[in-house]
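All letters in the sequence shown, in the order written, are residues 5 to 163 by my numbering.
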Amino acid sequence: MQVKSRHHLRSDAVSDLEETISTQLGVDLDGDTYERVEFEDEALEVILIDGEPQVATFEGELFLTVRGANAYEPERRLVTVDAGAISFVSDGADVMRPGITEASEDIEGGDLVVIAEETHGKILAVGRARVDGSEMVGDEGKVVDSLHHVGDELFGFTG
């Protein structure tokens, strides 16, 4: 990931970002510095909060990264998977119904979601829901498309 440009966000942009993340996930971002990083060959942008890549654009929409979600522990748009799904989700696989133990009722098809493992609640991935949260638990079918996961290039980005 070749950095194209970096610049600090204005206070109004920080306010908009904080409001967006709060509305989506029920978390309050807390940082002293907010810096936007753009890349040469990626449509992705990353927001560093106090030097950590905690927010990014996924398909043009601002959302917490895996590292950001683990730092802020989202209350909404949360999909929980069982132990059997951890290795697959951690490697970037899409999420299948049989691996899901729980999904927030506030999820609508098309929403960005965070995917956590059930034992410790650690966030493993960020994805796009294919169905509403109420339809996620079941026996078959793909319900979340993976967009970012632990161990990918974005997860390894250090700013």
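The beta-carbon is built from N, C-alpha and C at its ideal position, and this holds for glycine as well.
It should be emphasised that the depicted structure is a prediction, and the values quoted were computed from it without experimental measurement.
Run of the alpha helix (DSSP H) containing residue i, from where it starts to where it stops
i	result
Ile-25	15-29
Glu-157	157-160
Nearest-angstrom Cα separation, counted from residue j out to residue i
i	j	result
Val-193	Lys-146	Lying outside 5 to 163, the shown extent of the chain, residue 193 is not represented and no answer is given.
Ile-51	Thr-69	9 Å
Ala-89	Phe-43	31 Å
Glu-112	Asp-45	31 Å
Val-59	Ala-73	9 Å
Ser-15	Asp-36	11 Å
Ser-138	Glu-157	32 Å
Gly-142	Glu-65	28 Å
Ile-25	Asp-136	20 Å
Met-140	Gln-28	19 Å
Leu-13	Pro-102	42 Å
Pair within 8 Å by beta-carbon distance, residue i and residue j
i	j	result
Met-5	Phe-161	yes
Val-117	Val-85	no
Arg-71	Asp-115	no
Ala-133	Ile-127	no
Residue range of the beta strand (DSSP E) that includes residue i
i	result
Ser-150	146-153
Arg-71	First-last for Arg-71: 70-76, but that is the alpha helix (DSSP H), not the beta strand (DSSP E).
Ser-9	7-12
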